[in-house]
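Take a look at the structure below.
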Amino acid sequence: MTATSTGRFGPYGGRFAPETLMPALTELEEAFTAAMADPAFRGELDGLLRDFVGRPTPVFRAARLSERLGLDLWLKREDLAHTGAHKINNTVGQALLARRMGKPRVIAETGAGQHGVATATACALLGLDCVVYMGAKDIERQALNVYRMELLGAEVVAVTTGAKTLKDAVSEALRDWVGSVETTHYIIGSVVGPHPFPVIVREFQRVIGDELRRQMDGRDRPAPEVVVACVGGGSNAMGVFHPYVEAGEDVELVGVEAAGLGIESGRHGASLGAGSPGVLHGALTYMLQDDEGQVLEAHSISAGLDYPGVGPEHAYYKDAGLVRYEAVTDAEALDAFHLLAEVEGIIPALESAHALAWVVREAPRLAGRRVVVNLSGRGDKDVEQVAALDA
Amino acid sequence: MRELRRRFERCAAEGRAAFLPYLTAGLPDPDSALTAFEAMAEAGADGFEVGIPYSDPLMDGPVIQEAARRALAAGMDVDRSFELVAGVVDRTGVPVIAMTYVNPVLRRGVARFMADAAAAGASGVIVADLPVDEADPFLDAARDAGVDLALFAAPTTTPERLARIGRARPGFVYAIADLGVTGERDRGSRRIGDLVAEIRRVTDAPVVLGVGITTVDDVRAAARLADGVIVGSALVRRVLEASPRAAIGELGAAVAAYAAACRRAPEKPLHGE
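For the record, the sequence lines run as chains A and B.
In terms of the working numbering, the first sequence is numbered consecutively and its last residue is 395.
In terms of the working numbering, the second sequence is numbered consecutively and its last residue is 292.
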């Protein structure tokens with residue numbers, strides 16, 4: 005479904021934001037609708053996706069791992085997109101939108117740093133000022149990406165409130181925007197936040213699923229039976245799932261959340277699997293909260309999945325049974341990280357390793373089936389962290 | 020019901036705007052919280068905004084974020100915040116506006132939250148991340164419970180939105196005096212005059228000004244325009260920086276100065292008088 009005019013997906017979504025921001029959200033919605041209907045805007049975006057981002061990204065049949073797991077495994081190679089993850093699809097689109105709206109300054113939040121790098125990259129490309137909010141804990145575990153953002157001319161601001169991770173970075177970016185909204189566009193990094201952000205990010209990420217449907221359409225390559233993607237906020241998953249949902253295709257869609265140290269430990273990022281409906285960062289969605297409605301801290305080995313909420317359209321997909329949501333632990337993700345490196349010569353992002361880890365765990369049940377994993381990012385950023393864990 | 024409006028009318032008759040200090044429930048610490056409100060009432064507060072602490076206060080700057088963190092760490096929750104509200108109303112007779120965010124209200128249930136607020140004696144409720152677009156169930160529940168729910172108007176609010184805010188019949192309008200989250204400013208807002216005038220054109224509901232109001236001069240400027248003036252961070256900071264006992268003394272002195280600045284110069288005729 006597309007969102008209603010008030011940004012609802014079933015009961016989820018909406019626009020729970022301070023009044024100061026509301027006119028900007030309306031302005032953004034109007035600017036986005038006009039831009040997407042403007043052939044010049046679409047042409048510039050498509051050109052940049054092709055020549056700057058390197059799209060379409062390939063699909064790759066993981067032959068050795070297929071044999072090892074006893075199924076037909078394919079990888080959608082978002083890790084090969086410029087800057088190393090799918091995040092660039094959204095940031096190039098939104099940076100073009102910022103320029104079209106005449107806003108010279110861009111802010112963003114980042115968890116793993118991938119969205120921050122992708123935002124800094126798009127801002128460098130288009131000559132926009134860029135400030136990235138990043139949790140102090142994430143700055144520690146993703147030092148390489150901090151330096152990359154600085155190389156790209158962005159200012160990285162350490163967020164020291166709360167758990168000092170992605171949730172707090174989103175909150176701080178929203179606070180900046182409350183004061184700067186007249187000159188600043190907020191490039192949110194996932195399908196979260198108040199309407200129209202979940203729709204905008206989905207529409208800029210759906211290129212993943214649109215490509216995949218063309219690349220595996222049953223002619224040159226067989227169509228997938230199962231499509232798997234990791235879910236933190238859920239932008240890569242929404243990008244690959246939405247075109248299949250929209251087309252009503254007969255394919256099993258599986259979103260994989262972070263089970264962290266195990267759901268029963270209470271230290272995880274499984275908002276859909278173990279959370280309940282509430283309002284976080286401007287939208288009604290599944291979230292991790294206590295009996296009083298206080299937001300709980302998430303936990304994941306992967307900074308990009310360390311978030312106590314999820315995009316509202318995923319909440320709708322869950323309730324409607326359109327997508328199955330599962331969770332894998334830190335340890336399972338780490339094993340999959342090593343497995344893909346050793347067997348296929350691809351070091352995946354720890355986030356993407358969650359999607360693969362579910363396939364590994366479910367391999368007996370998936371025997372013989374054609375499975376596509378959306379490999380949303382590459383793992384260079386995680387190498388130092390994994391080396392420390394393995395030591 | 021209408022307690023706030025009566026209080027604003029009484030203050031206007033006395034030639035002043037109502038002064039409404041904000042304090043997070045449970046500060047300086049849960050044991051001395053009630054004493055802090057009593058000291059502010061003695062110093063001339065006309066009403067209180069009592070912050071029910073929330074883990075992710077998007078509309079609040081560092082000072083009130085820190086206050087919420089401390090209050091939550093000290094065990095303040097919604098029930099204990101309402102107990103404090105009841106104590107404040109009982110001991111001071113000063114009307115209380117309970118302030119929080121959408122999610123704690125949803126979690127308790129909108130109708131139950133408003134009923135519990137009313138039962139505690141609160142006259143008004145402020146939900147910082149609730150725009151008019153999402154407010155209908157909250158407004159209905161507040162009316163049923165007999166408490167006045169605020170809707171917001173900001174310097175960015177368009178005339179179309181302002182008209183919609185007026186049509187929604189809010190209990191009162193919280194005019195956001197400056198862009199940005201709550202916190203002290205080193206210069207007064209330049210836009211409050213137009214904002215309050217535009218609000219008056221769409222509603223006869225009382226108008227309070229808050230966000231960024233820092234100095235006695237800021238309060239004096241706001242008091243000429245609005246029915247009530249809220250100061251939060253400038254007071255909360257004093258509490259965070261002092262021992263509980265010293266904090267209560269400082270609160271009293273600061274509130275006395277702000278309340279005095281709410282007296283309007285007699286040569287300035289005012290709306291509604």
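The beta carbon of each residue, even a glycine, is placed where N, CA and C say it ideally should be.
- A:R152 and A:A307 have their C-alpha atoms some 17 Å from each other.
- Listed along the chain, the chain A residues whose CB falls inside 9 Å of the CB of B:T176 are E23, T24, M26 and P27.
- Following the DSSP letters along the chain, one finds B:P40 inside the beta strand (DSSP E) bounded by residues A37 to T43.
- DSSP places B:T119 inside the beta strand (DSSP E), whose first and last residues are V115 to T119.
- Residues of chain B whose Cβ lies closer than 7 Å to the Cβ of A:E34 do not exist; the shortest such Cβ separation is about 12 Å.
- For B:G199, the C-beta contacts it makes with chain A under 7 Å involve V182 and G183, in order along the chain.
- By the Cβ neighbour-count rule, A:D221 is exposed, with fewer than 16 other Cβ atoms within 10 Å of its own.
- Nearest Cα to B:V227 within the set B:A169, B:A55 and B:A278: B:A169.
- Pairing A:V299 with A:G313, the inter-Cα distance amounts to about 9 Å.
- Taking every protein chain shown into account, the CB of B:A92 has fewer than 16 other CB atoms within 10 angstroms, so this residue is exposed.
- Taking each of A:Y290, A:A391 and A:E346 in turn and checking the Cα distance to A:D323, the smallest one comes out for A:Y290.
- Only P72, Y73, S74, D75, P76, L77, M78, D79, G80, P81, Q84 and E85 from the region 56-86 of chain B bring a Cβ to less than 9 Å from some Cβ of chain A.
- Ranked by Cα distance from B:A62, the first of B:G185, B:P47 and B:L39 is B:L39.
- Looking from the CA of B:D98, the closest CA among B:A137, B:D223, B:L214 and B:P189 belongs to B:A137.
- Note that the region 23-38 of chain B does not touch the region 47-54 of chain B; fewer than 3 beta-carbon pairs, one per stretch, sit closer than 8 Å.
- Assigned with DSSP and collapsed to three states, B:T234 falls in coil, not helix or strand.
- Here A:T87 is buried: its Cβ has 16 or more other Cβ atoms, across all protein chains shown, within 10 Å.
- Within the region 87-124 of chain A, the complete alpha helix (DSSP H) segments at least 4 residues long are 91-104, listed from N- to C-terminus.
- Looking at the DSSP output, B:I145 shares a beta bridge with B:M118.
- A:S9 counts as exposed, since fewer than 16 other C-beta atoms from the protein chains shown sit within 10 angstroms of its C-beta.
- If you look at B:V69, you'll find it in the beta strand (DSSP E) that goes F67 to G70.
- Taken in chain order, the unbroken stretches of alpha helix (DSSP H) that lie wholly in the region 206-269 of chain A and span 4 residues or more are 211-219 and 239-251.
- Chain A places a beta carbon closer than 7 Å to that of B:V121, counting this residue as a contact.
- Between B:V255 and B:A64, the gap from beta carbon to beta carbon reaches 7 Å or more.
- One alpha carbon belongs to B:R126, the other to A:N149, and they sit about 37 Å apart.
- By the Cβ test, the region 124-143 of chain A is not in contact with the region 272-288 of chain A, since fewer than three Cβ pairs between them sit closer than 8 Å.
- Of all residues in the region 106-127 of chain A, none places a beta-carbon less than 8 Å from a beta-carbon of chain B.
- In the structure shown, B:P76 falls within a coil segment according to DSSP collapsed to helix, strand and coil.
- Annotation for A:V363: no beta strand (DSSP E) segment contains it, though the alpha helix (DSSP H) segment containing it runs L354 to E366.
- Close CB contacts of A:L326 within its chain, under the 6 Å cut and outside five residues either way in sequence, are with V249 (chain order).
- With respect to A:G259, A:S304 sits apart: the two C-beta atoms are not nearer than 7 Å.
- Taking a contact to require three or more Cβ pairs closer than 8 Å, the region 208-215 of chain A and the region 88-95 of chain A qualify as touching.
- Distance between B:T111 and B:E102, taken at the CA atoms: about 14 Å.
- Considering only A:A116, A:E355 and A:G277, the residue with the shortest C-alpha distance to A:E330 is A:G277.
- If you draw a straight line from the Cα of B:V238 to the Cα of B:R220, it comes to about 23 Å.
- Interface annotation, A:F13: not in contact with chain B, CB-CB separation never under 7 Å.
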